[in-house]
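Reviewing the structure listed below.
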Amino acid sequence: MTATDTNTEARTLDEALQGLHFAMVGTPDNEVWKSRPLTLAGIEGSSLHFLVSADADWVQSIGTGSTRCGTTFSDPSKNDYVALQGSARALRDQGLIEALWSPEAGAYFEGKDDPNIRVLAVDVERGEYWDSPGGTIGRLLALTKAAAGGDPGKEGPIKL
50 MTATDTNTEA RTLDEALQGL HFAMVGTPDN EVWKSRPLTL AGIEGSSLHF LVSADADWVQ
110 SIGTGSTRCG TTFSDPSKND YVALQGSARA LRDQGLIEAL WSPEAGAYFE GKDDPNIRVL
170 AVDVERGEYW DSPGGTIGRL LALTKAAAGG DPGKEGPIKL
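Residue numbers for the sequence shown follow our numbering, beginning at 50 and rising by one.
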């Protein structure tokens, strides 16, 4: 598909990520990129927030500066995919940590006051999404429509 296709439409970051909670976040490590799975804790404007451990080598390498970052979300069962590019920084902001805290975070940290908690803030600069009808029948219909020259689903940029 190209930007001139009729099934291209911009979506907000909130719209594109609706129902998507698990991400692969990639950052540079010397000359290679490394990715790791993270759970989205919140979205504020064009910034994604994840709770991470300051003990992790990759978090230490980010520090409070700004590091290039690629973040992807997907739900293959629904044929929903989102790719985002931007920069990441690790913050020690107790108020934000408390606002993002969830019972699930308790599985990784010793509570909201754990001194090793950091907020990984990913400031999204641009992104794209792709979706089409979900489920096996939906995927078959999308493939059939695409083969016949029809609308296989939607894709487009993320509005920030």
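We put the CB at the ideal spot given by N, CA and C, even for glycine.
Would you tell me roughly how many angstroms separate the C-alpha atoms of Ile92 and Gly112, rounded to the nearest one?
20 Å
With a threshold of 6 Å on Cβ separation, who are the neighbours of Ala90 within its own chain once the five nearest residues in sequence on each side are excluded?
Closer than 6 Å at the Cβ level, and outside the excluded window around Ala90, lie His98, Phe99, Leu100, Leu149.
Tell me which same chain residues have a C-beta within less than 7 Å of the C-beta of Arg60, skipping the five on either side of it?
Closer than 7 Å at Cβ, skipping near neighbours: Tyr178, Gly205, Ile207, Lys208.
Residues bridged to Ile166 by DSSP?
Ser102
Does the count of Cβ pairs from the region 72-91 and the region 117-126 closer than 8 Å reach three?
yes
When we look at the beta-carbon of Thr185 and count the other beta-carbons within 10 Å, is it buried (16 or more) or exposed?
Only weak support is given to the placement of Thr185: the predicted model assigns it a pLDDT of 49, under 50, and the question is left unresolved by the model.
Would you check if the region 157-175 and the region 128-139 touch, i.e. whether three or more CB-CB distances between them fall below 8 Å?
yes
Given a cut-off of 8 Å on the beta-carbon distance, is the pair Asp142 and Val168 in contact?
yes
Mapping DSSP to helix, strand and coil, what is Glu64?
Glu64 carries a helical assignment under DSSP once its states are collapsed to helix, strand and coil.
By Cβ distance below 7 Å, which residues in the same chain neighbour Lys161 in space, the five residues on each side in sequence not counted?
Ile146, Glu147, Trp150
Let's test the definition: count the other Cβ atoms within 10 Å of the Cβ of Val81 and tell me whether it reaches 16, buried, or not, exposed.
exposed
Within 10 Å of its beta-carbon, does Asp129 have 16 or more other beta-carbons around it, so buried, or fewer, so exposed?
Asp129 counts as buried, since no fewer than 16 other beta carbons sit within 10 angstroms of its beta carbon.
Who pairs with Thr121 in a beta bridge, going by DSSP?
Met73, Ala132
So, is Leu66 buried or exposed, given that buried needs 16 or more other C-beta atoms within 10 angstroms?
Under this definition Leu66 is a buried residue.
Got a sec, what are the start and stop residues for the alpha helix (DSSP H) Ala59 sits in?
Note, Ala59: premise wrong, no alpha helix (DSSP H); not H, not E.
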